[in-house]
Amino acid sequence: MITEKLFIVDLQPVGRRAEVRPGQTLLEAAQSAGVELVSICGGIGVCDGCRVRLAAGQLTPLSLEEEMAFAGDELAAGYRLACQASPLSDVTIDIPPESLTTLQRLQIEGAQVEVEPAPAVIGLDLQLEPPSLDDLRSDSARLKDSLRGRLPYHTLSLGYPLLSGLSPQLRQQKWALRAVMRGDEGIAALPPGERLVGLAVDVGTTKLASYLIDLESGATLAKTGAMNPQISYGEDVVSRIAYANNRPHEGPGILHNRLLETLNDMIGEMCVQASLRRSTIVDAVVVGNTAMHHFFAGLPVAQLGASPYVPAVSEALDLPAHLLGLDIAPGANVHLPPNIAGYVGSDHVAMLLATRIWESGGAALALDIGTNTEISLAPGKKAGWPAGRLLSSSCASGPAFEGAHIHDGMRAAPGAVEKVQIDGDQVRVYTIHDQPAVGICGSGILDAIAQMQLAGIIDQRGVFDRSHPQVRVSDSRREFVLVPASESGHGRDVCVTRQDVNEIQLAKGAIRAAIEIMLAEAGLQAADLDQVIVAGAFGTYINLKSAIQVGMLPPLPLGRFSQVGNAAGAGARQMLVSLQQRELAGEIVRRVDYLELSAHRDFTTQFARALILGDIS
């Protein structure tokens, strides 16, 4: 019997995969995976709602409907209509947000420490004397003369972005303006009294979070989140670095441009929210892990992909926004805070700034859990460490906590199982937005495995109990039916497989091994920790009891844990409104002793210990 060839359709950034037969469309693939695309016309190709972009693989030739729907540059970029295109190979498809009927849940909130505004830019309202036959000074000289009485600088400069529009602006505004100054340099001329706005961005491997901030009050004016479009080129930083290295001429540019396109769309969305113009965004702070930092800044990443994983740049950078392709005020700068190491970037610095774990004096641990997990330990007085010293490291926890590499895994979108309770033979699941289950997100798979262990369905090694009535064998693999087909949103069982358990063992094992090694280096035990801060989108939604049950986190009283959301975004906002906070970020980096786990003598042993499910202490 000849088995029909099936193609795998990888649907990003949703994180779902579907198998389709030859001739089935991408729309059918999405529908079978529970991914709802806009399809007002019912799939006949006339509404243009199901636009997607081919990131990898081969599709059937363009249809007439597609040739009419897209401009030449869109076709060159790989855009297709999902209802018209069918795979000819395994393919990866990038779905823009507007093509999804429901949006993914994105964590953009986070604990924030209030700081006194002291931004890098200021606005000065001026009324200039118009020129006359008795006063023939140039427009730039007239502006500089007015500024000299208001600023403590002997010399002043006016940037080209300001000069290029100064003359018509002055005449349109009847010689009144708000001069935007960055130190002794004029960077913009706005209408008098115009609000000065800053942009803060946290560039995560999976998710992006951005904020518009009033630079004079520190108030948040607008905020939004999006999936990182680079997911289509690799789910983790290692695979994206490999993509860039394998295509040295176009790869880095593609990853940079896709990121900037999405960020510029997010800025436009926030400007609409807050009724602002892009020209009022006169300063920016962008944080991210070291690889995301380098992709954003257009820096080389090849050296990040090979030992000893050295960043091209570790110190803070201030770069012109227009050179990076960021569509804000032409004279604006982008501040990129310092990186700690090749896999501990400025986002972790921002998180430390926001949480200030070194200030309590006790022993404190801070984790930003994601595809790559960054960890810092403030050993405190009880370990005899100098005040304010920090020990930092990172581990490759992989994309399992984002739902990737999980049989029925998906990102945190409506219909994703996010919480599980097992009581005897009764299984209760809770989904995002209470929609019928179509998959399992990161918090859901962690919950499911913790509950399965408590119920005796799996043992500490992750081995399934063959005699359990809800364990079955399918395609030679053992699996546990979490949601039967009759109750799911796509008519198929939602299951947890032995491979899923193994993926979580690897991810949680790396995190726990890192924690144990860092504690040992500081001369501490887990019981000595006074505080454990869990940050990041995944860290916001996990059930701490489940994380402790599977052994990812040490068995401490729940009162010692705090979940702080997107602390990296909070730290970025602090640096945006305060130069002093930028200086403190630099001081934090100088306080850090970085520990490279891949070279640590005990990592392999600790990792092997940490693979078991349950308490390893």
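In case it helps, our numbering puts the sequence shown at residues 29 to 645. Every residue, glycine too, gets a C-beta built ideally from N, C-alpha and C. Note that the coordinates shown come from a computational prediction; the quantities given were computed from them, not determined experimentally.
- By alpha-carbon distance to residue 558, the top candidate from 587, 531, 429 is 587.
- A Cβ-Cβ separation of about 6 Å places residue 342 in contact with residue 366 under the 8 Å criterion.
- Shown here, residue 154 sits in a strand according to DSSP, grouped into three states.
- For residue 581, DSSP assigns no beta-bridge partner whatsoever.
- Contact annotation, residue 322 with residue 344: C-beta distance approximately 14 Å; criterion of less than 8 Å not satisfied.
- Rounded to whole angstroms, residue 448 and residue 533 show a C-alpha spacing of 18 Å.
- The straight-line gap separating the alpha-carbon atoms of residue 269 and residue 105 is approximately 21 Å.
- Rounded to whole angstroms, the separation of the alpha carbons of residue 576 and residue 493 is 22 Å.
- For residue 289, the three-state secondary structure derived from DSSP is helix.
- Under the Cβ criterion (8 Å, minimum of three pairs), the segment 531-550 counts as touching the segment 398-417.
- One Cα belongs to residue 306, the other to residue 198, and the distance between them is close to 19 Å.
- Taking C-alpha positions only, residue 283 is separated from residue 273 by approximately 12 Å.
- In this structure, residue 453 sits away from residue 488, with a CB-CB distance that is not shorter than 8 Å.
- Fully enclosed beta strand (DSSP E) runs of no fewer than 3 residues occupy 392-396 of the segment 371-397, in order along the chain.
- DSSP links residue 209 through a beta bridge to 150, 214.
- Inclusion of residue 526 and residue 505 in the CB contact set at 8 Å is warranted, their separation being smaller than that value.
- For residue 400, there is no enclosing alpha helix (DSSP H), as DSSP marks it with neither H nor E.
- Assigned with DSSP and collapsed to three states, residue 278 falls in coil, not helix or strand.
- Nearest Cα to residue 202 within the set 111, 528, 167: 167.
- Your pair residue 381 and residue 550 does not check out as a contact, with CB atoms roughly 21 Å apart and the cut at 8 Å.
- Non-local beta-carbon contacts of residue 585 in its own chain, meaning distances under 6 Å to residues more than five positions away in sequence, are absent.
- CA-CA distance, residue 206 to residue 221, rounds to 6 Å.
- Within the segment 608-638, the complete beta strand (DSSP E) segments at least 3 residues long are 620-622, listed from N- to C-terminus.
- Nearest neighbour of residue 548 by Cα position, chosen from 624, 425, 630, turns out to be 630.
- Taking a contact to require three or more Cβ pairs closer than 8 Å, the segment 597-614 and the segment 141-153 qualify as touching.
- Taking the C-beta atoms as reference points, residue 53 is found no nearer than 8 Å to residue 97.
- Contact annotation: residue 395 and residue 250 have beta-carbon atoms that are not nearer than 8 Å.
- The C-beta distance from residue 243 to residue 224 rounds to 4 Å, short enough to meet the 8 Å contact threshold.
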